[in-house]
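Read through the structure below, which is laid out as structure tokens, and then see the notes.
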Amino acid sequence: SSRLPAHRVALPVGHPGPPLRARRATLAGMDSQYAEHLASLRKLMEEKGVECMLVTQVPVFFWLTGGRTYVPTIEGAGPSKAFVDKEKAVIITTAIEEHKMKNQECPGWEVRAAPWAGLPKTMDDIEAELIAGRKVETDTGDLSGDIDEMMVDLTEADMKAYIELGKDIGEALEEAARSVSIGDTEYKVSGLTHLAYNKRGIDLVMTAVAHDERIAWDRHPLPRLGAGTELKKVCMIATCGRRKGLVCSLSRVVCFGEVPEELRKIHDVCMEVDAEINMATIPGKTAGELYDVLTKAYTDRGFPEQMLQHHQGGLIGYKCRHWIAQPGGRQVIRAGRAYAWNPTIAGKTIGTKSEDTIIVDKEGKVMNITPSPTWPYKEVKTADGKVFPRPDILVK
Numbered sequence: 436s437s438r439l440p441a442h443r444v445a446l447p448v449g450h451p452g453p454p455l456r457a458r459r460a461t462l463a464g465m466d467s468q469y470a471e472h473l474a475s476l477r478k479l480m481e482e483k484g485v486e487c488m489l490v491t492q493v494p495v496f497f498w499l500t501g502g503r504t505y506v507p508t509i510e511g512a513g514p515s516k517a518f519v520d521k522e523k524a525v526i527i528t529t530a531i532e533e534h535k536m537k538n539q540e541c542p543g544w545e546v547r548a549a550p551w552a553g554l555p556k557t558m559d560d561i562e563a564e565l566i567a568g569r570k571v572e573t574d575t576g577d578l579s580g581d582i583d584e585m586m587v588d589l590t591e592a593d594m595k596a597y598i599e600l601g602k603d604i605g606e607a608l609e610e611a612a613r614s615v616s617i618g619d620t621e622y623k624v625s626g627l628t629h630l631a632y633n634k635r636g637i638d639l640v641m642t643a644v645a646h647d648e649r650i651a652w653d654r655h656p657l658p659r660l661g662a663g664t665e666l667k668k669v670c671m672i673a674t675c676g677r678r679k680g681l682v683c684s685l686s687r688v689v690c691f692g693e694v695p696e697e698l699r700k701i702h703d704v705c706m707e708v709d710a711e712i713n714m715a716t717i718p719g720k721t722a723g724e725l726y727d728v729l730t731k732a733y734t735d736r737g738f739p740e741q742m743l744q745h746h747q748g749g750l751i752g753y754k755c756r757h758w759i760a761q762p763g764g765r766q767v768i769r770a771g772r773a774y775a776w777n778p779t780i781a782g783k784t785i786g787t788k789s790e791d792t793i794i795v796d797k798e799g800k801v802m803n804i805t806p807s808p809t810w811p812y813k814e815v816k817t818a819d820g821k822v823f824p825r826p827d828i829l830v831k
């Protein structure tokens, strides 16, 4: 449902809390996208006989509330937790975070804040009041797999937000790629990419930048600074960007001047493999079957070894990948989910990659949600005659 009904809340002994009217207003102020997620979690809890739940992990907290629980971005959990039972939806946090969580990150949720002096006991006491002696489950416990499945089943609101993110991120990476110059270090290119993403409210949760021969050396080229990292001819930028929890993944390649023969050959193959796997992402197929599609696509084009040089992607959503395609993988492709495949080829002197994020819509059709608006695209035909446009090399 788009809006949850207000519930009469039994207040813990010794804790007055806000009046009932305020509680109803708080719940009513929750964004419908996250109210629907909360309802889904409560339904799962009821089915599994779970009375109360604590959510602590960043991806699950994002999915449930739309808010950021971390402060340092390196943390898997932050100073705020979400408590849920059949009546209450409460953010447990510290006085430091209280205003932010109530008014910016998690509007519509009741917020209970503990003094920071005396942590962790001060927060533990709030938890104990809410739990009230009941058995509590966490998002890292027995239901973690079920919660992960809920997170990747996109609601209509999720899809709308994802498509908007994809549009912005496709524009952002093109803006960054078009702004690079010969002589830029990998870290400078990373900074340009951060700027383009951040101005659109997108956080980069993974940035890989490689120049020239290094694209052939490293599959996950974290940016470097200093002599030898300066761009001479070819730049590859690979990213995962996150906004309100949803993650898009995409990569682009830029070349200054004439495209080298080896790069032209391997990028054509990479685009073809990318088209094959995206067009094969059909509801009912398994991860293992798609692994086999990739293996055949590389082998048919004379690059069988590349399949084992790097993972090829898989299910995306509130994580950079919820799973990656493995031999014999039993995960099933389903409509209403997002996927990101990332075929990669390392040549002798240069490397390349082809990557976008797709949604398999409710009708089972593939939709690329991260196109770059004025980027050169190639209409790539698959072996069975389907056509899927792939980002070509941008020549400057």
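Residues in the sequence shown are numbered from 436 upward in steps of one, following the working numbering. Even glycine gets a Cβ: it sits at the ideal position worked out from N, Cα and C.
Within 10 angstroms of its Cβ, does residue i collect 16 or more other Cβ (buried), or is it exposed?
i, result
"Lys523", "buried"
"Gly763", "exposed"
"Lys556", "exposed"
"Asn538", "exposed"
"Glu696", "exposed"
"His757", "buried"
"Ala563", "exposed"
"Ser684", "buried"
"Trp652", "exposed"
"Leu657", "exposed"
"Glu740", "exposed"
"Lys483", "exposed"
"Asn777", "buried"
"Ala552", "exposed"
"Leu499", "buried"
"Val519", "buried"
"Arg547", "buried"
"Asn713", "buried"
"Ile701", "buried"
Does residue i come out as helix, strand or coil in the three-state DSSP assignment?
i, result
"Asp709", "helix"
"Tyr505", "coil"
"Asn803", "strand"
"Lys813", "strand"
"Val546", "strand"
"His646", "strand"
"Ala524", "strand"
"Trp652", "helix"
"Pro695", "coil"
"Trp776", "strand"
"Ala818", "coil"
"Val688", "strand"
"Leu639", "strand"
"Ser515", "strand"
"Glu540", "helix"
"Leu781", "Rather than Leu, the amino acid found at residue 781 in this sequence is Ala. In the structure shown, Ala781 sits in a strand (DSSP, three-state: E or B)."
"Met480", "helix"
"Glu665", "coil"
What does the alpha-carbon distance come out to for the pair residue i and residue j?
i, j, result
"Ser789", "Gly752", "19 Å"
"Phe823", "Ser686", "16 Å"
"Arg649", "Met671", "10 Å"
"Leu743", "Ile566", "48 Å"
"Arg443", "Glu545", "Here the model assigns Arg443 a pLDDT of 29, short of 50, so the residue's position is not dependable, and the following value carries that caveat. The alpha-carbon atoms of Arg443 and Glu545 are separated by roughly 13 Å."
"Leu896", "His646", "In this structure the chain extends from 436 to 831, so residue 896 is not present and cannot be described."
"Arg825", "His472", "34 Å"
"Arg659", "Pro494", "28 Å"
"Tyr733", "Met706", "11 Å"
"Glu693", "Lys813", "17 Å"
"Leu476", "Val571", "14 Å"
"Ile604", "Arg635", "8 Å"
"Glu591", "Ser616", "40 Å"
"Phe729", "Val795", "According to the sequence as given, residue 729 is Leu; it is not Phe. The alpha-carbon atoms of Leu729 and Val795 are separated by roughly 18 Å."
"Ile598", "Lys679", "13 Å"
"Thr787", "Ala662", "23 Å"
"Thr504", "Val525", "13 Å"
"Gly576", "Thr809", "46 Å"
"Ile785", "Glu606", "26 Å"
"Thr528", "Met641", "27 Å"
"Asp559", "Lys602", "42 Å"
Can we count residue i as close to the ligand NAD, meaning its CB is less than 7 Å from some heavy atom?
i, result
"Leu630", "Here there are no bound small molecules, and the ligand NAD is not part of this structure."
I think residue i touches residue j, with their Cβ atoms under 8 Å apart; what is that distance to the nearest whole Å?
i, j, result
"Lys521", "Leu489", "Actually they are not in contact, since the Cβ atoms of Lys521 and Leu489 sit about 15 Å apart, beyond 8 Å."
"Leu725", "Ala760", "5 Å"
"Leu600", "Leu681", "6 Å"
"Val688", "Val669", "7 Å"
"Val830", "Cys690", "5 Å"
"Gly799", "Pro718", "5 Å"
"His745", "Thr779", "5 Å"
"Glu621", "Thr573", "39 Å between Cβ atoms; not a contact."
"Ala631", "Ala611", "4 Å"
"Asp791", "Asn803", "5 Å"
Which residue spans inside the segment 698-772 form an unbroken beta strand (DSSP E) run of at least 3?
With a minimum length of 3 residues, the unbroken runs of beta strand (DSSP E) contained wholly in the segment 698-772 fall at 748-751.
Threshold first: 4 residues or longer. Then list the alpha helix (DSSP H) segments lying entirely within the segment 577-632, N to C.
Note on the segment 577-632: whole alpha helix (DSSP H) runs with a minimum of 4 residues are 579-587, 591-614, in chain order.
At 3 residues or longer, and completely inside the segment 556-580: list those beta strand (DSSP E) runs for me, N to C.
Those beta strand (DSSP E) runs which fall completely within the segment 556-580 and span 3+ residues are 571-573.
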